[in-house]
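Peer 1:
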Amino acid sequence: MTPSTVEGTSNGLVKPKEEEGSAPSLFEIDDSDLLRLLEKPRTLNIERKRSFDERSFSEMSISMSPRNNFYKTSEHSSRAFDNLDGVYSPGRWTGTPRSGYFEPHPIVGEAWEALRRSLVNFRGQPVGTIAALDNSSEELNYDQVFVRDFVPSALAFLMNGEPDIVKNFLLKTVFLQSREKKVDNFKLGEGVMPASFKVLHNPVRNTETILADYGESAIGRVAPVDSGFWWIILLRAYTKSTGDTSLAERPEIQRGIRLIMTLCLSEGFDTFPTLLCADGCCMIDRRMGVYGYPIEIQALFFMALRCALLLLKRDCEGNDCIDRIVKRLHALSFHMRSYFWLDIKQLNDIYRYKTEEYSHTAVNKFNVIPDSLPDWVFDFMPIRGGYFIGNVSPAKMDFRWFCLGNCVAILSSLATPEQSSAIMDLIESRWQELVGEMPLKICYPAMESHEWRIVTGCDPKNTSWSYHNGGSWPVLLWLLTAACIRAGRPQIAKRAIELAESRLLVDGWPEYYDGKLGRFIGKQARKNQTWSIAGYLVAKMMLEDPSHLGMISLEEDKQMKPQMKRSASWGC
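Quick note, in the working numbering, the sequence shown goes up one by one and the last residue is 1129.
Here you go:
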């Protein structure tokens, strides 16, 4: 990577400055520039928040507190929470229940203390949380602030009425986005967000600098496709939670959004609206056979597009980007709902597919060979239920269940209300397989024996039922909880949280668990994993006060609802 630092100028702007030597890429910010970027938030104006809500969604009347009204509803439908998108609940959360739905658990206080110990400061300002504080293991890159890892921490602080750290993080990362990025001699796209960054202290010069990683230090040297999406989603969550639109309206933030969108919406040889990705470009950051069009990236892409549509200013620069987003959203929603969705009727249709069909009248559009269907999927699929499968590309369908992608599909309304309900049905009917004794399986099932050797390259960390290969990740609790509330099924989340509470603190907040049931602490799992801690806190706060859902959930856009020709398991 080409080394460059940043220095201040008299007009308050920043400019790149080349340094001699071949040291790694450091990004140094002058004190005056830092104060300008990390200025204290202005006094919030309720009218500003109302204008954002009116611009984003039709305002809906709320006759009573949503958290009191929600648990009285008998309809298991995501419509129960459509009105929460315009609601936020400011103020610090102390762990005292306000709805009476459950009693506070003793580990809540311990979790908050652990989360605050993970804070990372840059020149006196908190800018993120470290990945893990495990002194018993080699640090590797766990001493860095990861964009995706920080999201549950950011949501916890927003729900607790502490938005400053989130604002600082958003400004810091968009600043790092603007730097030139190279891996070997290849220049990365201008819109690429860093996977992580690290604050370096120089005790001799008494200075602090930031070292950013754009994938050149990652396993496999893959740039993080999901970082930019999570950044946009978090920006929208900050705006919804605080009611402060001034951050999103800043020129550098608007430019950051446009750069990410330009990178993702660029024209090429693709015949699908989905994003083509390499293995290791998301939370599953090692070789796991997710190359192609993984559900995690497609769901995050859809949600980021919708958030960007709400955040971009309607000006000369933004209008062109907005037009392209709208067109992509319509194509993407139809493609995902039509070709990624699987229920028992659709499974039976695929089982009976003819092959080698030609012309636009083909039913088997991707020429999937029925004999390639794995045996396990026939037993796994319940009569009532369904899910978005892992990947769809020419002659390939990855039928594995991926938790993150399906939960984000619900939160972004990529899944229709009926599909959201079907996903909940699947989780309930396959509880032992997907939740077991410790929530939550990152994917199911695990690859074993010959398949594991071929697909992972004999990866010693992704052995069967471990890490990304069928491991159980407590951080996914917050996504499951949000999705359950959105779908009108909070009892599923409550059951999962109670399972996690019985072990997380005792086990030292591990990164992941191993085994078919998630019974064992992961063989290489770090302790005091920050997003395990934050994921639990966010799940707990969201279940106690469901109005928090508004910052991370989007109501359904009726205009994007296609005429569904696929089957509907919910009608069986």
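Virtual Cβ for every residue (Gly too), placed ideally from N, Cα, C. This structure is a prediction, so every number in the text was calculated from the model and none was measured.
By Cβ distance below 7 Å, which residues in the same chain neighbour L676 in space, the five residues on each side in sequence not counted?
Peer 2: P683, T686
Peer 1: Within the continuous beta strand (DSSP E) that includes Q1048, where are the two ends?
Peer 2: Careful: Q1048 lies outside any beta strand (DSSP E), inside the alpha helix (DSSP H) at 1047–1058.
Peer 1: Residues in the same chain with beta-carbon distance under 7 Å from F897, minus the five sequence neighbours each way, listed in chain order, please.
Peer 2: I852, F945, I946, V949
Peer 1: Alpha carbon to alpha carbon, how far is P751 from K1032? Give it in angstroms, no decimals.
Peer 2: The residue asked about is misnamed: residue 1032 is Val in this sequence, not Lys. Going by the C-alpha atoms only, they are around 21 Å apart.
Peer 1: Report yes if the C-beta distance between Q734 and G746 is below 8 Å; otherwise report no.
Peer 2: no
Peer 1: Closer than 8 Å by C-beta to L968: which residues in its own chain qualify, once you throw out the five before and the five after it? Chain order, please.
Peer 2: M860, L1036, A1039, A1040, R1043, I1109, S1110, L1111
Peer 1: Buried or exposed for K738, please, with buried defined as at least 16 other CB atoms from any protein chain shown within 10 angstroms of its CB.
Peer 2: By the Cβ neighbour-count rule, K738 is buried, with 16 or more other Cβ atoms within 10 Å of its own.
Peer 1: Would you grab the beta carbon distance between L727 and L791 for me? Rounded to a whole angstrom, and I think it's under 8 Å.
Peer 2: 7 Å
Peer 1: Are N1085 and D691 touching if we call contact CB-CB under 8 Å?
Peer 2: Their beta carbons are under 8 Å apart, which means N1085 touches D691 by this criterion.
Peer 1: Can you pull the DSSP bridge partners for D1064?
Peer 2: The partner list for D1064 (beta bridge, DSSP) is empty, contrary to what the question assumes.
Peer 1: Cβ of A794 within 8 Å of Cβ of L1094?
Peer 2: No, the pair does not count as a contact, with Cβ atoms beyond the cut-off.
Peer 1: Quick check on the DSSP output: what are the complete beta strand (DSSP E) runs of length 3 or more inside the region 848–895, in order along the chain?
Peer 2: none
Peer 1: Identify every run of the alpha helix (DSSP H) within the region 752–838, keeping only runs that are complete inside it and at least 4 residues long; order them along the chain.
Peer 2: 782–799, 803–806, 808–822, all fully within the region 752–838.
Peer 1: Alpha carbon to alpha carbon, how far is S1104 from E719? Give it in angstroms, no decimals.
Peer 2: E719 and S1104 have their C-alpha atoms some 17 Å from each other.
Peer 1: Among P1067, G1075, D836, which one has its Cα closest to the Cα of A671?
Peer 2: P1067
Peer 1: My understanding is that C864 touches M818, with C-beta atoms under 8 Å, so please give their C-beta distance in whole angstroms.
Peer 2: Not quite, the Cβ-Cβ distance comes to about 11 Å (not below 8 Å), so this is no contact.
Peer 1: Report all residues from its chain with a CB closer than 6 Å to the CB of W669; omit the five preceding and five following residues, and keep chain order.
Peer 2: none
Peer 1: Please name the residue, chosen from A688, V740, G1065, that lies closest to K755 on a Cα-to-Cα basis.
Peer 2: Here the closest residue by C-alpha is A688.
Peer 1: Is the beta carbon of S774 closer than 8 Å to that of V704?
Peer 2: no
Peer 1: How far does the beta strand (DSSP E) with Y944 in it reach, from first residue to last?
Peer 2: 943–945
Peer 1: Which of the three DSSP states is assigned to T912 in this structure?
Peer 2: coil
Peer 1: Alpha carbon to alpha carbon, how far is M938 from A769? Give it in angstroms, no decimals.
Peer 2: Cα to Cα, the separation comes out at about 43 Å.
Peer 1: Please classify L961 as buried or exposed, where buried requires at least 16 other C-beta atoms within 10 Å of its C-beta.
Peer 2: buried
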